[in-house]
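Add 29 to the 1-based position in the sequence shown for this note's numbering, that's all there is to it.
Note that beta-carbon positions come from the ideal geometry of N, C-alpha and C, so glycine has one too.
Please read all numbers here as calculations on a predicted model, not as lab measurements.
Below: one structure, written as structure tokens.
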Amino acid sequence: MFERLGDKVKWWLTFNEPWVFTVLGYGLGAHAPGTKDLVNTVYIVSHNLLRAHAKAYRLYEKDFKPTQQGKVGITLNGAYVLPKDPSSELDKKAAQRSMDFSFSWYSDPVYFGDYPEEMKTRIGNKSAAAGLPKSRLPEFTAEEKAELKGTSDFFGLNYYTSSLAEHKILSNDGGYYDDQDIVSTMDPSWPGSGSPWLKVTPFGIREGIKWLSARYGNPPLVVTENGVSDNDGTTSDQHRIDFYREYIGNVTQAKNEFKCNVVGYFAWSLMDNFEWAEGYTEYFGIVSVDFNDPERPRTLKDSAKWYRDFIAAEMTI
Numbered sequence: 030m031f032e033r034l035g036d037k038v039k040w041w042l043t044f045n046e047p048w049v050f051t052v053l054g055y056g057l058g059a060h061a062p063g064t065k066d067l068v069n070t071v072y073i074v075s076h077n078l079l080r081a082h083a084k085a086y087r088l089y090e091k092d093f094k095p096t097q098q099g100k101v102g103i104t105l106n107g108a109y110v111l112p113k114d115p116s117s118e119l120d121k122k123a124a125q126r127s128m129d130f131s132f133s134w135y136s137d138p139v140y141f142g143d144y145p146e147e148m149k150t151r152i153g154n155k156s157a158a159a160g161l162p163k164s165r166l167p168e169f170t171a172e173e174k175a176e177l178k179g180t181s182d183f184f185g186l187n188y189y190t191s192s193l194a195e196h197k198i199l200s201n202d203g204g205y206y207d208d209q210d211i212v213s214t215m216d217p218s219w220p221g222s223g224s225p226w227l228k229v230t231p232f233g234i235r236e237g238i239k240w241l242s243a244r245y246g247n248p249p250l251v252v253t254e255n256g257v258s259d260n261d262g263t264t265s266d267q268h269r270i271d272f273y274r275e276y277i278g279n280v281t282q283a284k285n286e287f288k289c290n291v292v293g294y295f296a297w298s299l300m301d302n303f304e305w306a307e308g309y310t311e312y313f314g315i316v317s318v319d320f321n322d323p324e325r326p327r328t329l330k331d332s333a334k335w336y337r338d339f340i341a342a343e344m345t346i
């Protein structure tokens, strides 16, 4: 890919949403390959993909970057997590821990060369309590840590929603979710969407960008996905216009008011498409696709016209 397309492509992503295909594909079995092992496999898969990411980054850095002058990163998804009880110190710590087990599971190795200390300590302790001879979280060698550290020219962020964290001691052998000792919920007052997991929380993208920027030294950050679903694919989608206006406004606030180094934003998605395990039952596109017609005709939704005008007016972030 670097050799064939590197003269044209200047921004590269090694992986898109590793949390999704790791936890949902290898932990819960909801996505391909359908493996259900939250105890060990999720950590092994993530470990190997991080090693692969480092290899790809270093390959480009050595053999292609001197002439192509491109950038390589990884795109991570996650939620900005708030304490369920804002007055509870345990819930505050749980909220931070939740982001350690999502964003930082991947981004700490990429920026710092190793997993978050919270993950290493917690999984190590739970493994020992379950009678295991060593932690279920694999360890990087010294060489791997050095190879991993600094393998991102920009932070790719897929952002949709927020959640609430409540501290609760869970089992020692249940795996990924129990390792966190967290009960995750959502505020029932948050507006919904066509996806049960997606509540409309525009403040979250601002706070998430601030949190990531502070943790990783304010790197260049690209919002690589941001959007909202519905279940009918309507072209009269004022709710989607409202979503983009609110979320982009909060991204702009993170950049201008809080000086986060946001350098790009991409709406998800251009067209209605096949949405993971949900197939054609959820629609994210700003362009409608008629999946009942063999020709798959496209129709601009109101949100596409709004987004077009927004860009034409040079409303940059």
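Check: Boundaries (first-last residue) of the alpha helix (DSSP H) holding Y351; Outcome: Lying outside 30 to 346, the shown extent of the chain, residue 351 is not represented and no answer is given.
Check: Alpha-carbon spacing of W335 relative to V257, whole angstroms; Outcome: 15 Å
Check: Beta-carbon proximity list for P248, same chain, < 6 Å, skipping 5 on both sides; Outcome: F184
Check: Close-in-space but distant-in-sequence residues of the same chain around D31 (CB under 6 Å, 5 per side omitted); Outcome: Before going on, a small fix: residue 31 reads as Phe here, not Asp. Excluding residues within five positions, the ones whose Cβ falls inside 6 Å are Y89, F93.
Check: Between the CA atoms of T190 and S133 - distance to the nearest angstrom; Outcome: 17 Å
Check: Alpha carbon of Y140 to alpha carbon of G179, nearest angstrom; Outcome: 5 Å
Check: Proximity of H60 and A306 at Cβ, strictly below 7 Å; Outcome: yes
Check: Neighbourhood of P62 by C-beta distance below 8 Å, restricted to the same chain and skipping five residues each side; Outcome: G54, Y55
Check: Cβ separation of V229 and G293, assumed to be a contact under 8 Å, to the nearest whole Å; Outcome: At roughly 22 Å, the Cβ-Cβ gap does not stay under 8 Å, so V229 and G293 are not in contact.
Check: Alpha carbon of G35 to alpha carbon of F169, nearest angstrom; Outcome: 30 Å
Check: Residue closest to F339, alpha-carbon to alpha-carbon, out of A296, F303, D319; Outcome: A296
Check: 7 Å Cβ cutoff met for D21 and Y312; Outcome: No statement about residue 21 is possible, as the shown extent of the chain runs from 30 to 346 and does not include it.
Check: Residue nearest to L105 in terms of C-alpha spacing, selected from Y86, G223, S181; Outcome: S181
Check: Assigned secondary structure, S280 (DSSP; H/G/I helix, E/B strand, else coil); Outcome: Checking the displayed sequence, the identity of residue 280 turns out to be Val instead of Ser. Helix.
Check: Other residues of its chain near I270: CB distance less than 6 Å, five sequence neighbours each side excluded; Outcome: S332, W335
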